[in-house]
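Colleague: Here it is, the structure in full.
2 protein chains.
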Amino acid sequence: MKLRALKTPAALVDLDVVERNTTHMAERMARLGCRLRPHVKTHKCVEIARLQVRGHFGGITVSTLAEARLFAAAGFRDITYAFPLPINRIEEAASLGSQLDRFSVLLDHPATLHELETHSHRTGVRFSVFLKVDCGYHRVGVDPDRDESVWFAAKLSQSPHLDFRGILTHAGQSYRCRTLEEISRVAGQEREVMVAFANRLRQAGVRVDEVSVGSTPTMSVTQDLEGVTEARPGNYVFYDAFQASIGSCSLSDCAFSVLVTVVGQYPDRNKLVVDGGSLAFSLDPGPRHADPECGYGSFITTDGRRPMPELRLVSMSQEHGQIYGRGPIDFERYPVGSQLRIVPNHSCLAAAMFDRYHVVREDHVLDEWSPIRGW
Amino acid sequence: MKLRALKTPAALVDLDVVERNTTHMAERMARLGCRLRPHVKTHKCVEIARLQVRGHFGGITVSTLAEARLFAAAGFRDITYAFPLPINRIEEAASLGSQLDRFSVLLDHPATLHELETHSHRTGVRFSVFLKVDCGYHRVGVDPDRDESVWFAAKLSQSPHLDFRGILTHAGQSYRCRTLEEISRVAGQEREVMVAFANRLRQAGVRVDEVSVGSTPTMSVTQDLEGVTEARPGNYVFYDAFQASIGSCSLSDCAFSVLVTVVGQYPDRNKLVVDGGSLAFSLDPGPRHADPECGYGSFITTDGRRPMPELRLVSMSQEHGQIYGRGPIDFERYPVGSQLRIVPNHSCLAAAMFDRYHVVREDHVLDEWSPIRGW
Numbered sequence: 080m081k082l083r084a085l086k087t088p089a090a091l092v093d094l095d096v097v098e099r100n101t102t103h104m105a106e107r108m109a110r111l112g113c114r115l116r117p118h119v120k121t122h123k124c125v126e127i128a129r130l131q132v133r134g135h136f137g138g139i140t141v142s143t144l145a146e147a148r149l150f151a152a153a154g155f156r157d158i159t160y161a162f163p164l165p166i167n168r169i170e171e172a173a174s175l176g177s178q179l180d181r182f183s184v185l186l187d188h189p190a191t192l193h194e195l196e197t198h199s200h201r202t203g204v205r206f207s208v209f210l211k212v213d214c215g216y217h218r219v220g221v222d223p224d225r226d227e228s229v230w231f232a233a234k235l236s237q238s239p240h241l242d243f244r245g246i247l248t249h250a251g252q253s254y255r256c257r258t259l260e261e262i263s264r265v266a267g268q269e270r271e272v273m274v275a276f277a278n279r280l281r282q283a284g285v286r287v288d289e290v291s292v293g294s295t296p297t298m299s300v301t302q303d304l305e306g307v308t309e310a311r312p313g314n315y316v317f318y319d320a321f322q323a324s325i326g327s328c329s330l331s332d333c334a335f336s337v338l339v340t341v342v343g344q345y346p347d348r349n350k351l352v353v354d355g356g357s358l359a360f361s362l363d364p365g366p367r368h369a370d371p372e373c374g375y376g377s378f379i380t381t382d383g384r385r386p387m388p389e390l391r392l393v394s395m396s397q398e399h400g401q402i403y404g405r406g407p408i409d410f411e412r413y414p415v416g417s418q419l420r421i422v423p424n425h426s427c428l429a430a431a432m433f434d435r436y437h438v439v440r441e442d443h444v445l446d447e448w449s450p451i452r453g454w
Numbered sequence: 080m081k082l083r084a085l086k087t088p089a090a091l092v093d094l095d096v097v098e099r100n101t102t103h104m105a106e107r108m109a110r111l112g113c114r115l116r117p118h119v120k121t122h123k124c125v126e127i128a129r130l131q132v133r134g135h136f137g138g139i140t141v142s143t144l145a146e147a148r149l150f151a152a153a154g155f156r157d158i159t160y161a162f163p164l165p166i167n168r169i170e171e172a173a174s175l176g177s178q179l180d181r182f183s184v185l186l187d188h189p190a191t192l193h194e195l196e197t198h199s200h201r202t203g204v205r206f207s208v209f210l211k212v213d214c215g216y217h218r219v220g221v222d223p224d225r226d227e228s229v230w231f232a233a234k235l236s237q238s239p240h241l242d243f244r245g246i247l248t249h250a251g252q253s254y255r256c257r258t259l260e261e262i263s264r265v266a267g268q269e270r271e272v273m274v275a276f277a278n279r280l281r282q283a284g285v286r287v288d289e290v291s292v293g294s295t296p297t298m299s300v301t302q303d304l305e306g307v308t309e310a311r312p313g314n315y316v317f318y319d320a321f322q323a324s325i326g327s328c329s330l331s332d333c334a335f336s337v338l339v340t341v342v343g344q345y346p347d348r349n350k351l352v353v354d355g356g357s358l359a360f361s362l363d364p365g366p367r368h369a370d371p372e373c374g375y376g377s378f379i380t381t382d383g384r385r386p387m388p389e390l391r392l393v394s395m396s397q398e399h400g401q402i403y404g405r406g407p408i409d410f411e412r413y414p415v416g417s418q419l420r421i422v423p424n425h426s427c428l429a430a431a432m433f434d435r436y437h438v439v440r441e442d443h444v445l446d447e448w449s450p451i452r453g454w
């Protein structure tokens, strides 16, 4: 089947590019001496996770318990739930722990520890846990410069109810970078903060088996992961217009795109309107710090081979996408009914808008894969 | 069941408020002598559409063909697909037309007319159509000041393949307003542009049965719909933090909220983190033109009774919501594990992130309803 036959808006996954991205990251991490525990939150799809773990030990990272259940049912045996465990989900975490070789949770607050211990005391279930550390993103995690963080880690490691695995961070500040050099600096910071904190814990008598890092920008560019045991990038499977803009990848590395159909031409306004809006692309504003003119994505030809920088997806409402020309639009090239293919700013959010992905090679549709959603 | 028992993030629909909003709009339109053809895109849910059409003729408006199929199967007999018909979906539109008393499509481009006529000539199917008119929003629609628009309407009305219904507009510019007075002015413009264009068409010999308008802001405040035959507001069912900010409603009229759980406290940063991020709220930036400090929604108490303006949902990643205090947060009030209830900026987009709605009265859960998604 050809793209022409698809109903739009349609989510396209370029299989060649996914295979290249997953192979490349797996080789990269092997070369840097680091186990890869890929994040699956970008696609939430079993077939793609199987490509991600090739050449590594098979462990994965999830962002929701819905993902955890799906991947557990699909045969994945070692899963880390990389979100501060909500205490009202402890029962579910315990249940997953009993089904898998390892189901690890993470925390950074004494109240969560208290609830885990209470549950464990009552049921006998032991939890595999990571301490979440803030390496500079300042979203969640303990401050590695504080003595309290060392005491808290010691408490985790001494608990009879926990299997303390080690420390884990996410260098989300890498998304604020503008260049490859800036990302390299953040990658250095991520590693150094974590290795230093691990060493501080070890000096305090805390056993730290795992030092887990990972963001797609930092893992795409770092040349040094000494002291790090595992990496958890996820977005690299698809990459996206954001990653291409800040230097993690090039546009030709982007595997996820949205196919839309032109439904209107407005020559007076130098504008096309297509049948994909915020429910197809999400409203991620993209890398405006790096490219104020980015719009909501980057255009590529429908065969996926070439960029089409002459068009910009400037605004969206629920179902409408409004596309303006960077120069005067040649309207004969984009007749009503023609298709356009757009790499969204943020593939994690855009992919979550779809119940199925059309797996393609250039403009041939090979298969259909389904993600999970919800929590 | 009580809210405490729900897994979070959870979508809550306050039934009392939905009933009040739907009754109020139905009475308002009856009083103004206008038929109500409510839009269902905000909720995409049969139970809620049934509340919307009470007291009116039963026609509805949809934004996707997936909605059209769901509501047709649920017994709705008169549906307008208020999006410029993509020419690759003509077969589906024809099929819906054959199942229903009336399935109307809209267009504003000669290429779409050509394709409809070609299909009709081949199959004998007649299409019920509206001409989409731009009343100042400048998203789609023909310019009512141009002679070409009159000629195009005449062409539609003379086509043997079409049942030309009339003209239709959406005053989306009302969302750029800051006050009730500004919305009133847009409502006046919407009506005047459409009535004047209808009269111009009639003078040119074009029969115009329907003059269809509608946006939630304008339909919530207008006092004059003379010359308008039907109104298509949709968001008023739920309203949202955006509508409350620009003056279409008050916060207590907002029927849709997202329930989240506190997973972390960061007193150094005066911050809470909750288990709802951009996949629960969407990333609609909200009415920043009216309230630069709006964040991603407005907090209400978990029983839905009172606003909690002391908290702001300032930033989100895929699953994390970061909440800051407007003043110093009293962290004892929001312990880890406690729930918070947030009215999102844009209920249409946030509701679409969920596979089910929990129907509530205050903090009691009464029922569970499911929306449709996709296209």
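These protein sequence lines map, in sequence, to chains A and B. Take 80 as the starting number for the first sequence in this note's numbering and just add one per residue. Take 80 as the starting number for the second sequence in this note's numbering and just add one per residue. Note that beta-carbon positions come from the ideal geometry of N, C-alpha and C, so glycine has one too. Nothing here was measured: the structure is a model prediction, and the numbers come from that model.
Could you spell out where the beta strand (DSSP E) holding B/D446 opens and where it closes?
Modeller: H443 to W448
Colleague: My output table needs one value for B/S236: the three-state DSSP class, helix, strand or coil.
Modeller: helix
Colleague: Looking at A/L82: is its Cβ nearer than 8 Å to the Cβ of A/D442?
Modeller: yes
Colleague: Buried or exposed, going by whether 16 or more other CB atoms sit within 10 Å of the CB of A/M104?
Modeller: buried
Colleague: Which one or two residues does DSSP pair with B/Q401 in a beta bridge?
Modeller: B/V352 and B/S394
Colleague: Have a look at A/Y160 and B/E398 and give me their C-alpha separation to the nearest angstrom.
Modeller: 12 Å
Colleague: Considering only C-alpha positions, which residue in the set B/D303, B/R244, B/L241 and B/V285 is nearest to B/E271?
Modeller: B/D303
Colleague: Taking the alpha helix (DSSP H) that B/D95 belongs to, which residues open and close that run?
Modeller: L94 to R110
Colleague: Looking at B/Q178: is its Cβ nearer than 8 Å to the Cβ of B/G215?
Modeller: no
Colleague: Scan the segment 357-388 of chain B for residues whose Cβ lies nearer than 9 Å to a Cβ of chain A and list them as they occur along the chain.
Modeller: S357, L358, A359, S361, L362, D363 and P364
Colleague: Would you kindly check if the distance between the Cβ of A/P371 and the Cβ of A/I325 is under 8 Å?
Modeller: no
Colleague: Report yes if the CB atom of A/K211 is closer than 8 Å to the CB atom of A/G220, and no otherwise.
Modeller: In this structure, A/K211 sits near A/G220, with a CB-CB distance shorter than 8 Å.
Colleague: If the cut-off is 8 Å on Cβ atoms, which residues from the segment 94-127 of chain B count as contacting chain A, listed in chain order?
Modeller: Answer set for the segment 94-127 of chain B: K120.
Colleague: With burial defined as no fewer than 16 other Cβ atoms inside 10 Å of the residue's Cβ, what is the status of A/P189: buried or exposed?
Modeller: exposed
Colleague: Could you give the C-beta distance for B/Y375 and B/L392, rounded to a whole number, given that I count them as a contact under 8 Å?
Modeller: 4 Å
Colleague: Report yes or no: do the segment 428-444 of chain A and the segment 328-346 of chain B share at least 3 C-beta pairs separated by less than 8 Å?
Modeller: No, the segment 428-444 of chain A does not touch the segment 328-346 of chain B.
Colleague: What does the Cβ neighbour count give for A/E447, buried or exposed, with the cut at 16 atoms within 10 Å?
Modeller: With fewer than 16 other CB atoms across the displayed protein chains lying within 10 angstroms of its CB, A/E447 is exposed.
Colleague: Helix, strand or coil for B/T89 per DSSP?
Modeller: Correcting the residue identity first, residue 89 of chain B is Ala in this sequence and not Thr. B/A89 falls in the strand class under three-state DSSP.
Colleague: Count Cβ pairs between the segment 299-315 of chain B and the segment 337-345 of chain B that sit closer than 8 Å; are there 3 or more?
Modeller: no
Colleague: Does DSSP put B/Q252 in a helix, in a strand, or in coil?
Modeller: helix
Colleague: Strictly below 7 Å CB to CB, what residues from chain E border A/H200?
Modeller: The structure shown contains no chain E; its protein chains are A and B.
Colleague: Taking only beta-carbon atoms, is A/S174 less than 8 Å away from chain B?
Modeller: no
Colleague: Whole angstroms is fine: what's the gap from A/K120's alpha carbon to B/P364's?
Modeller: 23 Å
Colleague: For the pair the segment 253-261 of chain A and the segment 270-289 of chain A, tell me if three or more CB-CB distances fall below 8 Å.
Modeller: no
Colleague: Roughly how many angstroms separate the alpha carbons of A/E360 and A/R201, rounded to a whole number?
Modeller: Checking the displayed sequence, the identity of residue 360 of chain A turns out to be Phe instead of Glu. C-alpha separation (whole angstroms): 46 Å.
Colleague: Work out the CA separation of A/M298 and A/A266 for me, nearest whole Å.
Modeller: 7 Å
Colleague: Let me know the secondary structure DSSP gives B/I408 once reduced to three states.
Modeller: Coil, per DSSP.
Colleague: Using only alpha-carbon positions, find the residue among B/E411, B/M108, B/L91 and B/A84 that is nearest to B/V307.
Modeller: For B/V307, the nearest C-alpha among the options comes from B/M108.
Colleague: Go through its chain and collect everything with a Cβ distance to B/L164's Cβ below 8 Å, but skip five positions before and after it.
Modeller: So the qualifying residues of the chain are A172, V184, L185, L186, T191 and L195.
Colleague: By Cβ distance below 6 Å, which residues in the same chain neighbour A/F182 in space, the five residues on each side in sequence not counted?
Modeller: I158, L175 and G176
Colleague: Determine, for A/A90, whether the minimum Cβ-Cβ distance to residues of chain B falls below 8 Å.
Modeller: no
Colleague: Considering only the alpha carbon of each residue, which of A/M80, A/K86 and A/L91 lies closest to A/P423?
Modeller: A/L91
Colleague: Which residues share a DSSP beta bridge with B/T120?
Modeller: The amino acid occupying residue 120 of chain B in the given sequence is Lys; Thr does not appear at that position. Beta-bridge pairing links B/K120 to no other residue.
Colleague: Interface residues of chain B around A/H437 at Cβ under 9 Å?
Modeller: Using a Cβ-Cβ cut-off of 9 Å, A/H437 is close to nothing in chain B; its nearest Cβ partner there is about 13 Å away.
Colleague: Counting only Cβ pairs nearer than 8 Å, list the residues of chain A close to B/H217.
Modeller: R348
Colleague: Under 8 Å, Cβ to Cβ, is there at least one residue of chain B near A/F162?
Modeller: Cβ-Cβ to chain B under 8 Å: yes for A/F162.
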